[in-house]
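Asker: My questions all concern the structure below.
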Amino acid sequence: MRILHTSDWHLGRSFHGEDLLAAQAAFVDHLVETVEAEQVDLVVVSGDVYDRALPSVDAVALADDAFTRLAASRARVVITSGNHDSARRLGFSSRLVDAAGVHLRTDAGRVEEPVLLEDEHGPVAVYGIPYLDPDVLKQRWDLPRRSHHAALAEAVRRIRDDLATRPTGTRSVVLAHAFVAGGLPSESERDIAVGGISVVPLELFDGIDYTALGHLHGRATLSDSVRYSGSPVAYSFSEAGHVKGSWLVDLDARGLAGTRFVEAPVARPLAVLKGSLEELLLDARHEVHVASWVQATLTDDTRPVRAMERLRARFPHALSLRFDPAGGERPRDRPATFGKSAHEVSLDFVRHVRGAPATPEESDLLGTALECCSEDPDLVAGLDAVVSG
Numbered sequence: 166m167r168i169l170h171t172s173d174w175h176l177g178r179s180f181h182g183e184d185l186l187a188a189q190a191a192f193v194d195h196l197v198e199t200v201e202a203e204q205v206d207l208v209v210v211s212g213d214v215y216d217r218a219l220p221s222v223d224a225v226a227l228a229d230d231a232f233t234r235l236a237a238s239r240a241r242v243v244i245t246s247g248n249h250d251s252a253r254r255l256g257f258s259s260r261l262v263d264a265a266g267v268h269l270r271t272d273a274g275r276v277e278e279p280v281l282l283e284d285e286h287g288p289v290a291v292y293g294i295p296y297l298d299p300d301v302l303k304q305r306w307d308l309p310r311r312s313h314h315a316a317l318a319e320a321v322r323r324i325r326d327d328l329a330t331r332p333t334g335t336r337s338v339v340l341a342h343a344f345v346a347g348g349l350p351s352e353s354e355r356d357i358a359v360g361g362i363s364v365v366p367l368e369l370f371d372g373i374d375y376t377a378l379g380h381l382h383g384r385a386t387l388s389d390s391v392r393y394s395g396s397p398v399a400y401s402f403s404e405a406g407h408v409k410g411s412w413l414v415d416l417d418a419r420g421l422a423g424t425r426f427v428e429a430p431v432a433r434p435l436a437v438l439k440g441s442l443e444e445l446l447l448d449a450r451h452e453v454h455v456a457s458w459v460q461a462t463l464t465d466d467t468r469p470v471r472a473m474e475r476l477r478a479r480f481p482h483a484l485s486l487r488f489d490p491a492g493g494e495r496p497r498d499r500p501a502t503f504g505k506s507a508h509e510v511s512l513d514f515v516r517h518v519r520g521a522p523a524t525p526e527e528s529d530l531l532g533t534a535l536e537c538c539s540e541d542p543d544l545v546a547g548l549d550a551v552v553s554g
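Residue numbers (the numbering used here): 166 to 554.
Here it is, written out as structure tokens:
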């Protein structure tokens, strides 16, 4: 049996204000093409189909398109909910759509109910563990403590109990949306810590033929049989070095027979650049990043004027600008405001943030802006009095 493991689609998510729906749609096209090209029998999606509990209309339409196309493919599909999804909304009509070969597993109470498949070697039991909220399940499952470890351990115990009733030789696949020890987080995952603890031990999945993990956005091999596929699209600049895609997993009569990573298309690469503004604008080595989404960290001692505007003249898709002076950020005393006009305070602010005074043109502009705050000169004078007091 051949399995395609993916997760963390986060449909509807943007990237520093840029719409990613086209990139996500391109991944869906790639996924469906891979199912046919690689003769995939089962697609597993380990949570975070959507980026929010109330997804946009466009995100729902893309998910509907993805599920419909996968249902019409040669593969069966098992999907679980993640911590970004609304389990109730994603799982709506799950019993009805089971008949179409798309199996939504969003109810913690059904973790021990497998989707059963057959190949020439016998049965394969596929168990979907949605994201488990310890606060919700502690009393419901009579957990010994309020933790992700306790909740996931109980879910796996129920799965093992069910597996013990299955015919000898039944192979097992488990989907889980969790932070498992050995995975590396990025800046784009939502913190799921409870009581300061979110990590669960890898040993929980011992004996399972393949565990398809979701939640962390970087692909990772925690053991031969326990892996993160990562997100199919980058959602933060901390993922600039990631290779995005899905795992192809083969099962034979004995269990796991092999894995191979299938890279996903890249709509636009990421580049994380650092240097003075002049270096970033003139260095020929950066020419390869002209079409990339760029995060730039400027090392100039003084913050350059119109830095983002000038940066975008070379890198039209620059999205993030940071400052890290080569000598380190110099401590600056907070400028005093007592006895100063609003105009003087605004000029002090520019000097404090930039490390250099405003130009005469900027000073005039600030003065005009303050005057335009009110047509009543008495109110402007009153603002000066408030600042001075």
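Ideal placement from N, C-alpha and C gives every residue a C-beta, glycine not left out.
Remember, predicted model here, so these are calculated numbers, not experimental data.
Go through its chain and collect everything with a Cβ distance to Arg-487's Cβ below 8 Å, but skip five positions before and after it.
Answerer: Gln-460, Ala-461, Thr-462 and Leu-463
Asker: Are the beta-carbon atoms belonging to Val-414 and Ile-168 less than 9 Å from one another?
Answerer: yes
Asker: For Ala-377, does the count of other Cβ atoms within 10 angstroms reach 16, so buried, or fall short, so exposed?
Answerer: Burial call: buried.
Asker: What is the DSSP secondary structure of Ser-411, counted as helix, strand or coil?
Answerer: In the structure shown, Ser-411 adopts extended strand secondary structure according to DSSP, grouped into three states.
Asker: With DSSP collapsed to three states, give me the class of Lys-505.
Answerer: coil
Asker: When the Cα atoms are used, what is the spatial distance from Arg-475 to Pro-350?
Answerer: Just so you know, the alpha carbons of Arg-475 and Pro-350 end up roughly 33 Å apart.
Asker: So for Ser-179, helix, strand or coil by DSSP?
Answerer: Three-state DSSP puts Ser-179 in a strand.
Asker: Does the segment 303-310 come close enough to the segment 253-263 to have 3 or more Cβ pairs within less than 8 Å?
Answerer: no
Asker: As an exercise, report each continuous beta strand (DSSP E) stretch of at least 3 residues that is fully enclosed by the segment 346-386, in chain order.
Answerer: 375-379
Asker: Could you check whether Ala-240 and Val-205 sit closer than 9 Å to each other, using their CB atoms as the reference points?
Answerer: For Val-205 and Ala-240, yes; Cβs fall inside 9 Å.
Asker: Measuring straight from C-alpha to C-alpha, what distance separates Leu-435 and Gly-383?
Answerer: Distance between the alpha carbons of Leu-435 and Gly-383 is about 15 Å.
Asker: Exposed or buried, Asp-356, counting other C-beta atoms within 10 Å across all chains shown (16 or more means buried)?
Answerer: exposed
Asker: Please check the pair Val-365 and Ala-346, which I expect to be a contact at CB under 8 Å, by giving their CB distance rounded to whole angstroms.
Answerer: 7 Å
Asker: Provide the residue(s) that pair with Glu-283 in DSSP beta bridges, ordered along the chain.
Answerer: Pro-288
Asker: Name the DSSP bridge partner or partners of Lys-439?
Answerer: Bridge partners of Lys-439 according to DSSP: Thr-462.
Asker: Kindly list the residues whose CB is nearer than 7 Å to the CB of Gly-266, restricted to its own chain and excluding five residues on each side of it in sequence; keep chain order.
Answerer: Ala-236, Arg-241 and Val-242
Asker: Taking the CB atoms as reference points, tell me whether Val-209 and Leu-328 lie closer together than 9 Å.
Answerer: no
Asker: For Pro-332, count the other beta carbons within 10 Å of its own beta carbon; 16 or more makes it buried, fewer makes it exposed. Which is it?
Answerer: exposed
Asker: So Glu-428 is in the alpha helix (DSSP H); what residue range does that whole segment cover?
Answerer: The continuous stretches of alpha helix (DSSP H) do not include Glu-428, which lies in the beta strand (DSSP E) extending over residues 420-428.
Asker: Assign Glu-536 to one of two classes, buried (16 or more other C-beta atoms within 10 Å of its C-beta) or exposed (fewer than that).
Answerer: Exposed, by the Cβ-count rule.
Asker: The alpha helix (DSSP H) with Leu-476 in it runs from where to where?
Answerer: Unbroken alpha helix (DSSP H) run through Leu-476: 472-479.
Asker: Between the alpha carbons of Asp-298 and Ala-273, how many angstroms are there, rounded?
Answerer: 9 Å
Asker: Got a sec? Which residues, its chain only, sit under 6 Å from Gly-360 by beta carbon, not counting five neighbours each side?
Answerer: Residue placement at Gly-360 is flagged as unreliable, the pLDDT there being 47, under the threshold of 50; the coordinate-derived value follows with that caveat. Contacts found: none.
Asker: Tell me which residue opens and which closes the beta strand (DSSP E) that Leu-297 is part of.
Answerer: Looking at the DSSP string, Leu-297 is not in any beta strand (DSSP E), and its letter there is neither H nor E.
Asker: Return the Cβ separation of His-170 and Ser-401 in integer angstroms, given the expectation that the two are a contact with Cβ distance under 8 Å.
Answerer: Between Ser-401 and His-170 the Cβ distance is about 22 Å, and since that is not below 8 Å, they are no contact.
Asker: Provide the residue span of the alpha helix (DSSP H) that contains Gly-253, from first to last.
Answerer: Note on residue identity: the sequence assigns Arg, not Gly, to residue 253. Unbroken alpha helix (DSSP H) run through Arg-253: 252-255.
Asker: Let's see if you can read the secondary structure: which residues bound the alpha helix (DSSP H) around Phe-192?
Answerer: 186-202
Asker: Which class does Leu-269 belong to by DSSP, given the choice of helix, strand or coil?
Answerer: Residue state, collapsed to three classes: strand.
Asker: For Ser-388, does the count of other Cβ atoms within 10 angstroms reach 16, so buried, or fall short, so exposed?
Answerer: exposed
Asker: With Val-243 as the anchor, note down where its beta strand (DSSP E) starts and where it stops.
Answerer: 241-245
Asker: Short check: CB of Ala-405 to CB of Val-453, under 9 Å?
Answerer: No, Cβ-Cβ distance for Ala-405 and Val-453 is not below 9 Å.
Asker: With C-beta atoms as the reference, is Ala-202 less than 9 Å away from Asp-230?
Answerer: no
Asker: Taking C-alpha atoms, which residue in Asp-300, Pro-481 and Thr-386 lies nearest to Val-455?
Answerer: Pro-481
Asker: Looking at the structure shown, is Arg-468 part of a helix, part of a strand, or coil, going by DSSP?
Answerer: coil
Asker: On the DSSP bridge assignment, give the partners of Leu-621 in chain order.
Answerer: The question about residue 621 has no answer, for the chain in this structure spans 166 to 554.
Asker: What does a CB cutoff of less than 7 Å around Phe-426 pick up in its chain, not counting 5 residues either side in sequence?
Answerer: Excluding residues within five positions, the ones whose Cβ falls inside 7 Å are Arg-384, Gly-410 and Trp-412.
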